[in-house]
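Q:
Chains as they are written, first to last, in our numbering: chain W, 455 to 609; chain U, 455 to 609.
(1) Determine the chain W residues that contact residue 530 of chain U at a beta-carbon separation under 8 Å, and present them in chain order.
(2) Could you name the residues that DSSP lists as bridge partners for residue 567 of chain W?
(3) Does the beta-carbon of residue 593 of chain U have 16 or more other beta-carbons within 10 angstroms, so that it is buried, or is it exposed?
(4) So is residue 549 of chain W in contact with chain U if we call contact Cβ pairs under 8 Å?
(5) Alpha carbon to alpha carbon, what distance is there between residue 545 of chain W and residue 509 of chain W?
(6) Would you kindly report the start and end of the unbroken beta strand (DSSP E) that includes residue 592 of chain U?
(7) Which residue or residues does DSSP assign as beta-bridge partners of residue 548 of chain W?
(8) Do you know offhand how far residue 574 of chain W's Cα is from residue 570 of chain U's?
(9) Quick check on residue 523 of chain U - is its C-beta less than 8 Å from some C-beta in chain W?
(10) Hey, would you say residue 458 of chain W sits closer than 8 Å to residue 476 of chain W, going by beta carbons?
(11) Would you identify the three-state DSSP class for residue 510 of chain W, choosing helix, strand or coil?
(12) Using the DSSP secondary-structure output, state which residues sit across from residue 503 of chain U in a beta bridge.
(13) With distances taken Cα to Cα, identify the nearest neighbour of residue 468 of chain U among W:468, W:469, W:474, W:465.
(14) So is residue 458 of chain W in contact with chain U if we call contact Cβ pairs under 8 Å?
(15) Evaluate residue 558 of chain W with the Cβ neighbour count: other Cβ atoms within 10 Å of its Cβ, from every protein chain shown; 16 or more gives buried, anything less gives exposed.
(16) State the start and end residues of the unbroken beta strand (DSSP E) segment that holds residue 472 of chain U.
(17) Anything in chain W within Cβ reach of residue 508 of chain U, meaning under 9 Å, just list it in chain order.
(18) Helix or strand or just coil, what does DSSP make of residue 459 of chain U?
(19) If residue 581 of chain W and residue 493 of chain W are in contact, beta carbons under 8 Å, what's the gap, nearest whole angstrom?
(20) Which residue wins for smallest C-alpha separation from residue 548 of chain U, given the options W:466, W:515, W:585, W:483?
(21) Name, please, each residue of chain U whose Cβ falls closer than 7 Å to the Cβ of residue 586 of chain W.
(22) Are any of the Cβ atoms in chain W nearer than 8 Å to that of residue 573 of chain U?
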């Protein structure tokens, strides 16, 4: 169902690469209307990210970071919208000028505060996605890195 | 080729969803050794992101943002490393405690400064990926959003 002014791709785009779901995100948000527009890494509710058991060794050391970037697959989102009108103001905007879940590659990113790790489970704050959302990646947040080295030979 | 202490998954993980390449990233970094460890959104070189023509309407309004989040597919990366030893110190770390390109879903994220948009081309600073890297998403950076509304009924 489209809102006034929304436009879609005439032809579906092809697929070029494949994603593996590496775990599941558990939040208190059971329906779309309950999801905050953006997570709150300080005051938001505790959420749980559970990685699949075979990836436990890959989580080693993540607990050293307060701030973690989480990537997830917005599995319920349509992918063909070019322009969207998600807000009450009725304005139509290009999909890439929004953080809407509806996009050609429905990947969400959040920066969360890592409260603690218990094996393959992470307790975090700052997520805004639906309960049951598939996890696709975890990384230390960029902001946790200090001054970076410049590339050699390119100055 | 593995370095000392590095470990890999015994069995490949399956695939669960598909990604569409929506454009191409052009940087001055032609080989892996030239890529900076992290992009510099202020002093880094100008790079170009070109979206595929059918997505031009979806870029409308992105030029209102100074800071844009870019997601890309690290197409040369192996995906089976559980632990890695990427640094000169010889320490072995879990894949998810690193921002290394080698990960189960080889998706990179960068926050870039948007200098200007020319149709389907964006001129940006702050990328650290190889020339020719496939683009998978563009979003206004989270930090560009101001105080968010709390979810209704969840306080």
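Ideal placement from N, C-alpha and C gives every residue a C-beta, glycine not left out.
A: The answer reads as follows:
(1) For the purposes of this step, residue 530 of chain U is taken as residue 76 along the second chain, with counting starting at 1. The contacting residues do not exist; residue 530 of chain U stays about 12 Å from chain W at best.
(2) Looking up residue 567 of chain W in the first chain gives position 113. DSSP lists W:521, W:579 as the beta-bridge partner residues of residue 567 of chain W.
(3) Against the second chain, residue 593 of chain U aligns to sequence position 139. Flag for residue 593 of chain U reads buried.
(4) The sequence position of residue 549 of chain W within the first chain is 95, counting from 1. For residue 549 of chain W, the answer is yes, since a Cβ of chain U falls inside 8 Å of its Cβ.
(5) Locating residue 509 of chain W in the first chain gives position 55, counting from the first residue. Locating residue 545 of chain W in the first chain gives position 91, counting from the first residue. Whole-angstrom Cα-Cα distance: 43 Å.
(6) Counted from its first residue, the second chain places residue 592 of chain U at position 138. From DSSP, the beta strand (DSSP E) with residue 592 of chain U extends over 587-594.
(7) The sequence position of residue 548 of chain W within the first chain is 94, counting from 1. By DSSP's assignment, residue 548 of chain W forms a beta bridge with W:537.
(8) For the purposes of this step, residue 574 of chain W is taken as residue 120 along the first chain, with counting starting at 1. For the purposes of this step, residue 570 of chain U is taken as residue 116 along the second chain, with counting starting at 1. Put simply, the backbone Cα of residue 574 of chain W is about 42 Å away from that of residue 570 of chain U.
(9) For the purposes of this step, residue 523 of chain U is identified with residue 69 of the second chain, where counting begins at 1. With 8 Å as the cut-off, residue 523 of chain U counts as an interface residue toward chain W.
(10) The residue given as residue 458 of chain W occupies position 4 in the first chain. The residue given as residue 476 of chain W occupies position 22 in the first chain. Judged by their CB atoms, residue 458 of chain W and residue 476 of chain W are not nearer to each other than the 8 Å cut-off.
(11) Counting from one through the first chain, the residue named residue 510 of chain W turns up at place 56. In this structure, residue 510 of chain W counts as helix in the three-state DSSP scheme.
(12) Position 49 of the second chain, counted from the first residue, corresponds to residue 503 of chain U. Residue pairing for residue 503 of chain U: DSSP places it in a beta bridge opposite U:479, U:576.
(13) Within the second chain, residue 468 of chain U is the residue found at index 14, counting from 1. Nearest C-alpha to residue 468 of chain U: W:474.
(14) Residue numbering aside, residue 458 of chain W sits at position 4 when the first chain is read from its first letter. For residue 458 of chain W, the nearest beta carbon of chain U is not closer than 8 Å to its own beta carbon.
(15) What you label residue 558 of chain W is simply residue 104 of the first chain in a count that begins at 1. That one is buried.
(16) To locate residue 472 of chain U, count along the second chain from 1; it is residue 18. Segment 471-473, the beta strand (DSSP E) holding residue 472 of chain U.
(17) On the second chain, position 54 is the one that residue 508 of chain U refers to. What residue 508 of chain U touches in chain W, judged by beta-carbon distance under 9 Å, is 463, 464, 465, 467, 536, going in chain order.
(18) Position 5 of the second chain, counted from the first residue, corresponds to residue 459 of chain U. Residue state, collapsed to three classes: coil.
(19) As a working mapping, residue 581 of chain W is identified with position 127 in the first chain. As a working mapping, residue 493 of chain W is identified with position 39 in the first chain. Confirmed, about 5 Å.
(20) Taking the second chain and counting its residues from 1, one reaches residue 548 of chain U at position 94. The candidate whose alpha carbon is nearest that of residue 548 of chain U is W:515.
(21) Here residue 586 of chain W refers to the residue found at position 132 when the first chain is read from its first residue. Within chain U, no residue comes near residue 586 of chain W; the closest Cβ sits about 13 Å away, beyond 7 Å.
(22) Taking the first residue of the second chain as position 1, residue 573 of chain U is located at position 119. Using a Cβ-Cβ cut-off of 8 Å, residue 573 of chain U does not count as an interface residue toward chain W, since no Cβ of chain W sits closer than that to its own.
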